[in-house]
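Student:
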Amino acid sequence: MENHYLLRLEHAAKTFVLHGLGGKKIMGFRDINFTVRRGESVGLAGPSGSGKSSIIKSIYRTYLLSHGHIWYDSKYYDGIVDISKIPERAVHLIRTNEIGYISQFLRVIPRVAAVEIVAEPLIRNGVPEVEAKKVSSDLLKRLLLPENLHDAYPSTFSGGEQQKINIAKTIVWRPRLLLLDEPTASLDTHSVSIVMGLLKELKEGGTAMVGIFHDAQIMNDFADTVYNIDRGFYVEQ
Ligand SMILES: Nc1ncnc2c1ncn2[C@@H]1O[C@H](COP(=O)(O)OP(=O)(O)OP(=O)(O)O)[C@@H](O)[C@H]1O
Ligand SMILES: [Mg+2]
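Structure below.
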């Protein structure tokens, strides 16, 4: 494998085995091959159920592959590793320092203020609390989250407001690889364009991305390359 790839999927396949249903097998995706370089944005398109989310979850190691490889060039762990084979402590290290994942839904943490949720990854990485909160608050302002909500608990926020927290808490620490599963689905068009602007800034800073966007125009704006996934097969570029 060439060194300049940050991520490379090789014949990646996932079959789900439903143990509760007598071992019934469901195909998630099969024979997926693509590479992502530093600062490159790759889009995954295709019909509902074609396996897009499952591919992203496998890159994040939420799912283990049934077949093939997900090569990732890690900075903090051990150079090029197979995401599907590394130990749990490496998964933790990579998730907290290198790979960010934004889905459509915020897992709300009770009684933690919005700005604290966003600042937490910075504080964990040694940024002084006052500075971390300032950076987080500035980011939330850019995302048009009303200032009186910065100190409030997101459990009562609207869907779009929660999503802004979800986006902010991941882009704030500028991951090397960012995984996006319909992150803008619950946002109004103006907020979407702000998020797309923030993603462009991350990209210019070298962040590589793999993203799913149902809106064709947003996808076009986002991706350097789009791969069409159909019934688990990679179809064409
Ligand atoms: N944890 C799981 N257990 C069993 N089957 C699963 C699991 N996750 C996904 N699947 C199945 O894998 C297939 C692909 O699902 P996936 O969510 O990846 O599709 P998708 O392309 O993201 O669809 P959508 O555009 O609707 O979000 C589906 O048939 C789904 O039922
Ligand atoms: Mg999906």
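Here the sequence shown is numbered in the working numbering, starting from 1 and rising by one per residue.
Quick reminder that beta carbons are idealized off the backbone N, C-alpha and C, glycines included.
All values reported here derive from a predicted model rather than from experimental measurement.
1. Comparing alpha-carbon positions, which option in SER186, LEU122, ILE56 lies nearest THR170?
2. Can you tell me whether ASP181 sits near ligand 2, meaning its C-beta is under 7 angstroms from at least one heavy atom of the ligand?
3. Is the segment 65-81 close to the segment 94-104, with three or more CB pairs under 8 angstroms?
4. Between VAL172, GLY51, ILE229, ILE218, which has its C-alpha nearest VAL135's C-alpha?
5. Kindly indicate which three-state DSSP category ASN166 falls into: helix, strand or coil?
6. Check this for me: beta carbons of VAL210 and VAL36, under 8 angstroms apart or not?
7. For ligand 1, enumerate in chain order all residues having a CB closer than 5 angstroms to any of its heavy atoms.
8. Straight-line CA distance for LEU179 to LYS141?
9. Where HIS69 and ASN33 are concerned, what is the direct C-alpha to C-alpha distance, given to the nearest angstrom?
10. Using only the alpha-carbon positions, how far apart do ALA223 and ILE86 sit?
11. Among the candidates TYR72, GLU204, GLN104, LEU202, whose CA atom is the shortest distance from the CA of ILE94?
12. Give every residue of the same chain whose Cβ lies closer than 7 angstroms to the Cβ of ALA152, excluding the five residues on either side of it in the sequence, and list them in chain order.
13. With a 10 Å radius around its C-beta and 16 neighbouring C-beta atoms as the bar for buried, classify GLY46 as buried or exposed.
Tutor: For this structure:
1. LEU122
2. yes
3. yes
4. VAL172
5. helix
6. yes
7. PHE16, ILE26, GLY28, SER48, GLY49, SER50, GLY51, LYS52, SER53, SER54
8. 23 angstroms
9. 9 angstroms
10. 29 angstroms
11. TYR72
12. ALA113, ALA114
13. buried
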